[in-house]
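S.K.: Numbered per my numbering, the sequence shown spans residues 796 to 1134.
The structure under discussion is supplied below as structure tokens; questions concerning it will follow.
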Amino acid sequence: MPKMRAVQVPRAGGPLEIVERDIPNPGPGFVRIKVQACGVCHSDTVTKDNLFPGIQYPRVPGHEVIGVIDALGPNVPRWKIGDRVGVGWNGGFCGYCDNCRHGNFFACQTSTEVTGLSRDGGYADYMLAPISALALVPADLSSIEAAPLMCAGVTTFNCLRNTGVRPGELVAVVGIGGLGHLAIQYAAKMGCKTVAIARGKDEEPLARQLGAHYHIDNKTQDPAAELQKLGGAKVILATVTSSDAMKAVLGGLGIYGKLMVIGAVPSLEVNTIQLLLGNQSVTGWYSGVAADSEDTLNFSALSGVRPMNETFPLDRAPEAYDHMLSGKARFRVVLTTGN
Ligand SMILES: [Zn+2]
Ligand SMILES: [Zn+2]
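This is the structure:
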């Protein structure tokens, strides 16, 4: 049996450990991917710390996977050996449940597969994926560049494009981190008047470099008041996991403005009088399915949006994971296999 390297979580809360495993074979509707790069995401803590019901251990994390199809199971139309593909958080959908039949594949009722959670992910030399989870990677994105776009990229791009915001309208991005540094680029490349909101004046050069037209320092300035001076935001993308930071920007919405929540917090207090007087809303957004990821990759290739990455070889995955957790990574951490 040919072997491969895999980095697994042996038990709930256990350490990441590098093991040798048999190279798996794809079943019907599945392909095998020879992994080239896999992003290390904060959501990998869900696998490591057992934050989701029903995770079976040992489990290989990793839901920002880029690699090349090297084997096809039975019943695989469209895809072929040699295709370079990405797999994200959404681990596929059935196509026949009520939500799928209405086109809402993200909310599939029969398949709640999540890559790296309910099925082994990309911290390995090889992984299996169903064809409904595959995105084709355009030639002009490297695998390292493409990996974080399968999660942080699609989350911000797909959210933004579904808000209905139009070119020239005001978009504010709260936080310049793993999500925020991409959201700013997407908003600017979509032709929106883009505001970066971050703590400290020293973030301004980076915000401008990413394409922001304005920078608001929410340590010394009132972000809501500053956004109102600019006419009020059509969309505020809250990429931070601080309900205080979200609450502080809410007053910066213009009429019909939307606060898009893509960073999870346990609760958020909102001023409903302001919402109803301005036809405003607070909305969550599920990142997207494979087709959304593919659109994200293509838009990024087309427009020059790129993540800023720090790379680690697969064998140093535990160190890479700790670096991601430390919050010191600028901005995404990516594992490379050398495949
Ligand atoms: Zn992720
Ligand atoms: Zn379904």
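From the three backbone atoms N, C-alpha and C, an ideal C-beta is built for every residue, glycine too.
Values in this document were obtained by computation on a predicted structure and should not be read as measured data.
Just the C-alpha distance for residue 1076 and residue 949, rounded to the nearest angstrom, thanks.
M.R.: Spanning the two alpha carbons is a distance of roughly 22 Å.
S.K.: Got a list of residues with beta-carbon closer than 7 Å to any non-hydrogen atom of ligand 2, in chain order?
M.R.: Output, sorted by chain position: 888, 889, 890, 891, 892, 894, 895, 900, 903, 904, 905, 906.
S.K.: What span of residues does the alpha helix (DSSP H) with residue 1068 cover, start to end?
M.R.: Residues 1067 to 1072.
S.K.: Using alpha carbons as the reference points, say which of 1120, 1049, 883, 973 lies closest to residue 1087.
M.R.: Checked all of 1120, 1049, 883, 973; the closest Cα to residue 1087 is 883.
S.K.: What's the gap between the Cα of residue 1031 and the Cα of residue 1081?
M.R.: Roughly 16 Å separates the two Cα atoms.
S.K.: Could you tell me the boundaries of the beta strand (DSSP E) in which residue 1099 lies?
M.R.: Looking at the DSSP string, residue 1099 is not in any beta strand (DSSP E), and its letter there is neither H nor E.
S.K.: Verify whether the separation of the beta carbon atoms of residue 835 and residue 1092 is less than 8 Å.
M.R.: Cβ atoms of residue 835 and residue 1092: not closer than 8 Å.
S.K.: Roughly how far, in whole angstroms, is the beta-carbon of residue 1100 from the beta-carbon of residue 981, given that I think they are within contact range, below 8 Å?
M.R.: The pair is a contact, with the Cβ atoms about 6 Å apart (cut-off 8 Å).
S.K.: Spatial neighbours of residue 1084 within its chain, please: CB distance less than 6 Å, with the 5 preceding and 5 following residues excluded, ordered by chain position.
M.R.: 885, 900, 901.
S.K.: Tell me, please, whether the stretch 1042 to 1055 touches the stretch 886 to 895 by the rule of three or more beta-carbon pairs shorter than 8 Å.
M.R.: Segments in contact, no.
S.K.: Could you have a look at residue 908 and say whether DSSP puts it in helix, strand or coil?
M.R.: Correct three-state label for residue 908: coil.
S.K.: Could you tell me which uninterrupted alpha helix (DSSP H) segments, each at least 4 residues in length, are contained entirely in the stretch 805 to 884, listed from first to last along the chain?
M.R.: 839 to 843, all fully within the stretch 805 to 884.
S.K.: Check for me: the alpha helix (DSSP H) holding residue 893 runs from which residue to which?
M.R.: Counting along the chain, the alpha helix (DSSP H) containing residue 893 begins and ends at 893 to 896.
S.K.: Give, in chain order, every unbroken run of the alpha helix (DSSP H) that is at least 4 residues long and sits entirely within the stretch 925 to 1007.
M.R.: Taking only runs of at least 4 residues, the alpha helix (DSSP H) segments lying wholly in the stretch 925 to 1007 are 938 to 941, 947 to 956, 975 to 984, 999 to 1004.
S.K.: Rounded to the nearest angstrom, how far is the Cβ of residue 1047 from that of residue 983, given a contact under 8 Å?
M.R.: Contact flag wrong, Cβ pair sits at about 18 Å.
S.K.: To which residues of the same chain is residue 1078 closer than 6 Å at the C-beta, ignoring the five residues directly before and after it?
M.R.: Excluding positions up to five away in sequence, the list reads 1053, 1055.
S.K.: I want to check one thing, is the minimum distance from the CB of residue 838 to the heavy atoms of ligand 1 below 7 Å?
M.R.: Answer for residue 838: yes, Cβ within range of ligand 1.
S.K.: Which residue or residues does DSSP assign as beta-bridge partners of residue 1031?
M.R.: Looking at the DSSP assignment, residue 1031 forms a beta bridge with 967, 1054.
S.K.: Looking at residue 802 and residue 919, is the spacing between their C-beta atoms short of 8 Å?
M.R.: Cβ distance < 8 Å, so residue 919 and residue 802 count as in contact.
S.K.: Restricting to Cα atoms, I'd like to know which of 1105, 1014, 1119, 1094 is closest to residue 935.
M.R.: It is 1094 whose Cα lies nearest to the Cα of residue 935.
S.K.: Using the Cα positions of residue 820 and residue 798, report the straight-line distance between them to the nearest angstrom.
M.R.: Distance between the alpha carbons of residue 820 and residue 798 is about 12 Å.
S.K.: Could you pull out every residue in the same chain whose Cβ sits closer than 8 Å to the Cβ of residue 1051, ignoring the five residues on either side in sequence?
M.R.: Cβ neighbours of residue 1051 beyond the five flanking positions: 1029, 1073, 1074, 1075.
S.K.: Determine the direct distance from the alpha carbon of residue 954 to that of residue 1064, and round the result to whole angstroms.
M.R.: Roughly 22 Å separates the two Cα atoms.
S.K.: Give me the Cβ distance between residue 808 and residue 839, rounded to the nearest whole Å; I'm assuming they're in contact under 8 Å.
M.R.: Contact flag wrong, Cβ pair sits at about 13 Å.
S.K.: Among the residues of its own chain, which have a CB less than 7 Å from the CB of residue 1023, if the five just before and after it don't count?
M.R.: Closer than 7 Å at the Cβ level, and outside the excluded window around residue 1023, lie 1047.
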